[in-house]
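2 protein chains.
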Amino acid sequence: MSVTDELLANAERYAAAFDKGDLPLPPAKGVAVLACMDARLNVYGLLGLQEGDAHVIRNAGGVVTADERRSLAISQRLLGTREIILIHHTGCGMLTFTDDAFKESIQSEVGIKPDWSAEAFSDLDEDVRQSVARIKADPFIPHTESVRGFVYEVETGRLREVKA
Amino acid sequence: MSVTDELLANAERYAAAFDKGDLPLPPAKGVAVLACMDARLNVYGLLGLQEGDAHVIRNAGGVVTADERRSLAISQRLLGTREIILIHHTGCGMLTFTDDAFKESIQSEVGIKPDWSAEAFSDLDEDVRQSVARIKADPFIPHTESVRGFVYEVETGRLREVKA
Chain A
1 MSVTDELLAN AERYAAAFDK GDLPLPPAKG VAVLACMDAR LNVYGLLGLQ EGDAHVIRNA
61 GGVVTADERR SLAISQRLLG TREIILIHHT GCGMLTFTDD AFKESIQSEV GIKPDWSAEA
121 FSDLDEDVRQ SVARIKADPF IPHTESVRGF VYEVETGRLR EVKA
Chain B
1 MSVTDELLAN AERYAAAFDK GDLPLPPAKG VAVLACMDAR LNVYGLLGLQ EGDAHVIRNA
61 GGVVTADERR SLAISQRLLG TREIILIHHT GCGMLTFTDD AFKESIQSEV GIKPDWSAEA
121 FSDLDEDVRQ SVARIKADPF IPHTESVRGF VYEVETGRLR EVKA
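Protein sequence lines correspond, in order, to chains A and B.
Here UniProt numbering is used: the first residue of the first sequence is 1, the next is one more, and so on.
Here UniProt numbering is used: the first residue of the second sequence is 1, the next is one more, and so on.
And the structure:
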């Protein structure tokens, strides 16, 4: 049995106990969370979110690229969110390599250089500030009054705000 | 008090009860989930994931753009995941508009046309197949033997597999 099959069995249990079939499309709390994909970062558990509460956008690093700007524009313009919570975390894989080395290792194996920036970073707090700045500078995200950046500490479970 | 402040109070409660400070960086289950950002889709709850189990990548639609290919390449190449679970869902916001109309509305308001494709779609199952195909065609994602696509039904809580 694959891991996917194992998780599908969990999904059947979730459906059997499901009683939230009438939630509206727009997030109840009017907030979008942008966080790293890291397995240790449980966004729902950490922020106490329930089904229907918030958009959750995640990628390697919790960085802001064109696709996150797209998702945030859709979240605010079509689905009414107004606040943005950005979360990086300690012990992030993105701190363990450089763009150049990673892309060169792929090129040497595959024969093609990736057409994306790997978005690795070396200073966690600075990258949170960088990501907040990218959001605030975006002309297509209309509501940037409440864009706050945080570092989640995987060692303690704590969420620490990064000041501008 | 803003919604962000309210969620930060939840985060303090999470930290107070936290006892998972020694989880390793690579996901325990060796799986990456790519899902829509929709507020009603609770990926951890649905799949029975715990902290440390799986990478979770999310965006508007659960679509595959350069940034998801980047995240999946990092997930597999640097952190050892081998299976990919792709989840779209019924009642998706991406079914309610077209790229052209959305981008034109932004251009008429802001004066600049967005530099991204909105990635709207009109056929849910077909877009799941499209996303699986984009992953399988990517030269930088090495393990594509187990890439399976699903539709989560927000009305019933069920996860339905989309056959190729």
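C-beta: ideal position from N, C-alpha, C; glycine also.
All values derive from a computational prediction rather than experimental measurement.
- Item | Contact under 8 Å by Cβ, L72/B with I141/B | Sequence index remark: in the second sequence, residue 72/B carries index 72 (1-based). Sequence index remark: in the second sequence, residue 141/B carries index 141 (1-based). Going by C-beta atoms, L72/B is nearer than 8 Å to I141/B.
- Query: Leaving out five residues before and five after V56/B in sequence, what residues of the same chain have Cβ atoms less than 6 Å from its Cβ?
  - Reply: Here residue 56/B corresponds to residue number 56 of the second sequence, with the count starting at 1. Non-local beta-carbon contacts of V56/B in its own chain, meaning distances under 6 Å to residues more than five positions away in sequence, involve V33 and V43 in chain order.
- Message: Is there a Cβ of chain A sitting closer than 8 Å to that of E104/B, yes or no?
- Response: Residue numbering aside, residue 104/B sits at position 104 when the second sequence is read from its first letter. No, E104/B lies away from the interface with chain A (no Cβ there is under 8 Å from its Cβ).
- Query: Is I112/B buried or exposed, if buried means 16 or more other CB atoms sit within 10 Å of its CB?
  - Reply: Against the second sequence, residue 112/B aligns to sequence position 112. Its Cβ having fewer than 16 others within 10 Å, I112/B is exposed.
- Item | CA nearest to the CA of R134/B, picked from S108/B, D67/B, G93/B and R158/B | Counting from 1 along the second sequence, the entry for residue 134/B is found at position 134. The shortest C-alpha separation from R134/B is found at D67/B.
- Indicate whether at least one CB of chain A lies closer than 8 Å to the CB of S108/B. The sequence position of residue 108/B within the second sequence is 108, counting from 1. Not one chain A Cβ lies under 8 Å of S108/B.
- Message: Taking 8 Å as the threshold (beta carbon to beta carbon), is G80/A in contact with chain B?
- Response: Taking the first sequence and counting its residues from 1, the one referred to as residue 80/A is at position 80. Interface with chain B (8 Å Cβ-Cβ cutoff): G80/A is excluded.
- Item | chain B contacts from the segment 62-73 of chain A (Cβ-Cβ distance under 9 Å) | Those residues of the segment 62-73 of chain A that come within reach of chain B (Cβ to Cβ, closer than 9 Å) are V63, T65, A66, D67, E68, R69, R70, S71, L72 and A73.
- Item | Reduced DSSP category for G93/A - H, G, I as helix; E, B as strand; rest coil | On the first sequence, residue 93/A is found 93 positions in, with the first residue counted as 1. In the structure shown, G93/A sits in a helix (DSSP, three-state: H, G or I).
- Of the residues that make up the segment 44-58 of chain A, which ones have a beta carbon closer than 9 Å to any beta carbon in chain B? Hits within the stretch, in order: Y44, G45, L46, L47, G48, L49, Q50, E51, G52, D53, A54, H55, V56, I57 and R58.
- Message: Rounded to whole angstroms, what is the Cα-Cα separation between K136/A and R160/B?
- Response: For the purposes of this step, residue 136/A is identified with residue 136 of the first sequence, where counting begins at 1. For the purposes of this step, residue 160/B is identified with residue 160 of the second sequence, where counting begins at 1. Using only the alpha carbons, I get a separation of about 38 Å.
- Could you name the residues of the segment 14-28 of chain B whose beta carbon sits closer than 9 Å to any beta carbon of chain A, in the order they occur along the chain? Of all residues in the segment 14-28 of chain B, only Y14, A15, A16, A17, F18, D19, K20, G21, D22, L23, P24, L25, P26, P27 and A28 come within less than 9 Å of chain A when Cβ atoms are compared, listed by chain position.
- Query: Is the beta carbon of E153/B sitting closer than 8 Å to the one on T90/B?
  - Reply: Residue numbering aside, residue 153/B sits at position 153 when the second sequence is read from its first letter. Residue numbering aside, residue 90/B sits at position 90 when the second sequence is read from its first letter. The answer is yes: Cβ separation under 8 Å.
- Item | R40/A burial status per 10 Å Cβ neighbour count (16 or more: buried) | Working through the first sequence from its first residue, we reach residue 40/A at position 40. Burial call: buried.
- Message: With H, G and I counted as helix, E and B as strand and the rest as coil, what does DSSP make of I141/B?
- Response: As a working mapping, residue 141/B is identified with position 141 in the second sequence. Reduced to three states, the DSSP call for I141/B is coil.
- Whole-angstrom C-beta distance between T156/B and A120/B, which should lie under 8 Å: One-based indexing of the second sequence puts residue 120/B at position 120. One-based indexing of the second sequence puts residue 156/B at position 156. Not confirmed; about 24 Å, so no contact.
- When we look at the beta-carbon of D22/A and count the other beta-carbons within 10 Å, is it buried (16 or more) or exposed? Indexing the first sequence from 1 puts residue 22/A at position 22. Result: exposed.
- Any chain A beta carbon closer than 8 Å to T156/B: Stepping through the second sequence from its first residue, residue 156/B is reached at position 156. Between T156/B and chain A, the shortest Cβ-Cβ separation is below 8 Å.
- Query: Would a check of beta-carbon distances place G93/A closer than 8 Å to chain B?
  - Reply: Mapped onto the first sequence, residue 93/A falls at position 93. Closer than 8 Å to some Cβ of chain B, the Cβ of G93/A qualifies, so yes.
- Count the other C-beta atoms from every protein chain shown that fall within 10 angstroms of the C-beta of G52/A, then say buried if there are 16 or more, exposed otherwise. Against the first sequence, residue 52/A aligns to sequence position 52. Classification of G52/A: buried, given that the 10 Å Cβ count is 16 or more.
- Query: What did DSSP end up calling E83/A once you bin it into helix, strand or coil?
  - Reply: As a working note, residue 83/A is residue 83 in the first sequence. When secondary structure is reduced to three states using DSSP, E83/A falls in the strand class.
- Query: Using the beta-carbon of each residue, which ones in chain A are nearer than 9 Å to L86/B?
  - Reply: The residue you call residue 86/B lines up with position 86 of the second sequence. Simply none; closest approach about 10 Å.
- Query: Since K147/B and V132/B are thought to touch, with beta carbons under 8 Å apart, how far apart are those beta carbons, to the nearest angstrom?
  - Reply: As a working mapping, residue 147/B is identified with position 147 in the second sequence. As a working mapping, residue 132/B is identified with position 132 in the second sequence. For the sequence presented, residue 147/B should be read as Val rather than Lys. With 8 Å as the limit, V147/B and V132/B qualify as a contact, their Cβ atoms being about 5 Å apart.
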